[in-house]
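This report refers to the structure that appears directly beneath it.
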């Protein structure tokens, strides 16, 4: 199935991964500045970790990087589905396997001997973040164009509900990134593989 | 191989070493050049992104104008914003402007005139009673602010599309611009101006429009963000020249549609 001599991550995957990382950083930091203009909760993000300087600037960054996020995400999904990588790398996936691998990971016994194979926790986490990004894009569309996308708006429970969905999906993404970076710090080899492909 | 090796021995050893070194060196040099080129490119990129704020701003503004086009294309002139029952009206409806509540402009109803200019056939100035004599309608819709918050309000007034046809405006023109008594100004696309829910608003919640919501007249568009809805309007013009706006000139997206 997988070519044992080829790159572990094909070039298209590495390119879309890093472009996505750039888009996510811009979207998140500018999104925090937009949030600060009218906070949903009892806190604001420190200005130093936001992007755009003021609301208008943050919106410009947000609505520019959205094209990168969406176009790059689409390319990733098309390649992933089209090459069969999605099915090959992420399935089968069972709750039992996730529980077993999570237990092993927490006891420090999860093997990383074969970087070509995602363990069940990785499969679940990466699938989760893909779906979370899709939710971010859809809820973002409702916030941007609530009148023009009535079906999407009603599915998400209206404009105000979509704001909360957008925020919570962002929080989930940030939580994923935190765990993701911690894992990379624990197994630095994976960073080289995502850069060089092997 | 074995047969050839005696010939190799016969070749000048120095020449072989030199040739080998040259061949080894070349790809390495090429690679080095490639990498320094990439590094140079990267440093140019960061130079552009971090030190040269103007060019970044320019690029972002260009994307914003591109987004205007996309929004114009996405805009469906027949798609209505949702309406709500009176019971869902936000009370009190928030005040919002580029200044504080203590600086709300007081416009004198007696001397008020709405001026029309540009590509309009009948440019006579309108008094407030004349506007009030036109057929009125009302709507309960959601006002969405660029900051993210939203509130539901009840606005009443004259359908803007019927007003534009009454004064003989050239509805094939691109823009409708507004000048306000609070020195605010903005402009909208003709498609939104003709949208059935776009209202020359004279009343709020059944009462004459109070100063805080833009007395004597504001333009209400539930298909656009709050900053696109000008208050205290005293002049309207129809034009094909991009008029910009108070916030738009500072970087807010011009179309500002929802």
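Residue numbers (our numbering), protein chains in the order written: chain A, 1 to 198; chain B, 1001 to 1258.
In this text, a Cβ means the ideal position worked out from N, Cα and C, and glycines have one as well.
Bear in mind that the values here come from a model prediction, so they are computed numbers and not experimental data.
So, for residue 1154 of chain B: in the same chain, excluding its five sequence neighbours on each side, which residues have a beta-carbon less than 8 Å away from its beta-carbon? 1086, 1089, 1138, 1139, 1140, 1204, 1205 and 1206
Would you report the Cα separation of residue 1061 of chain B and residue 133 of chain A, rounded to the nearest angstrom? 26 Å
At a Cβ threshold of 8 Å, is residue 1188 of chain B touching chain A? no
Residue 1156 of chain B versus residue 27 of chain A - alpha carbon distance: 38 Å
Nearest CA to the CA of residue 1198 of chain B: which residue from B:1220, B:1215, B:1212 and B:1169? B:1220
Just verifying my parser: in three-state terms, what is the DSSP assignment at residue 1045 of chain B? For residue 1045 of chain B, the predicted structure reports a pLDDT of 49, less than 50, and the residue's modelled location is therefore unreliable. A value from the coordinates is still provided. Three-state DSSP puts residue 1045 of chain B in a helix.
Runs of 4 residues minimum, wholly inside the segment 1156-1243 of chain B: which ones carry the alpha helix (DSSP H) assignment? 1160-1166 and 1190-1193
Alpha carbon of residue 1174 of chain B to alpha carbon of residue 160 of chain A, nearest angstrom: 32 Å
Does residue 41 of chain A get closer than 8 Å to chain B when you measure Cβ to Cβ? no
Taking 8 Å as the CB-CB limit, is residue 1144 of chain B close to chain A? yes
Let me know if residue 1230 of chain B comes out buried or exposed under the rule of 16 or more other beta-carbons within 10 Å of its beta-carbon. buried
List the residues of chain B that residue 61 of chain A touches, going by C-beta distances under 7 Å, in chain order. 1060
Look at the alpha carbon of residue 1277 of chain B and the alpha carbon of residue 87 of chain A, and state the distance between them as a whole number of angstroms. In this structure chain B extends from 1001 to 1258, so residue 1277 of chain B is not present and cannot be described.
State yes or no: is the beta carbon of residue 34 of chain A nearer than 8 Å to at least one beta carbon in chain B? yes
Local conformation of residue 1139 of chain B per DSSP, three classes: strand
Let's see if you can read the secondary structure: which residues bound the beta strand (DSSP E) around residue 1115 of chain B? 1115-1118
Cβ closer than 8 Å: which chain C residues qualify as neighbours of residue 38 of chain A? Absent from the structure is chain C; the protein chains it does hold are A and B.
Report the option in A:48, A:44, A:32 and A:72 whose CA atom is closest to the CA atom of residue 58 of chain A. A:32
If residue 118 of chain A sits next to residue 89 of chain A, beta carbons under 8 Å apart, how far is it from one beta carbon to the other, in whole angstroms? 6 Å
I'd like to know if residue 202 of chain A contacts chain B, where contact means its C-beta is closer than 8 Å to some C-beta of that chain. Residue numbering for chain A in the displayed model covers 1 to 198; residue 202 of chain A lies beyond these limits and cannot be assessed.
Min CB distance residue 1207 of chain B to chain A below 8 Å: no
For residue 44 of chain A, is the classification buried or exposed, using 16 other Cβ atoms within 10 angstroms of its Cβ as the cut-off for buried? exposed
Neighbour flag for residue 196 of chain A against chain B, beta carbons, 8 Å: no
Establish whether the CB of residue 163 of chain A and some CB of chain B are separated by less than 8 Å. yes
Closest by CA to residue 29 of chain A, which one among A:187, A:174 and A:198? A:174
For residue 16 of chain A, does the three-state DSSP call read helix, strand or coil? helix
Short Cβ contact (8 Å threshold) for residue 176 of chain A with residue 97 of chain A: no
Do residue 1225 of chain B and residue 1144 of chain B come within 8 Å of each other at the CB atom, strictly closer than that value? yes
Could you check how far apart the C-beta atoms of residue 142 of chain A and residue 135 of chain A are, in whole angstroms? I think they sit under 8 Å. Contact doesn't hold; Cβ gap of about 11 Å is too wide.
By alpha-carbon positions, which one of A:111, A:140, A:195 and A:114 ends up nearest to residue 34 of chain A? A:140
For a test of the three-state rule: what should DSSP assign to residue 158 of chain A, helix, strand or coil? coil
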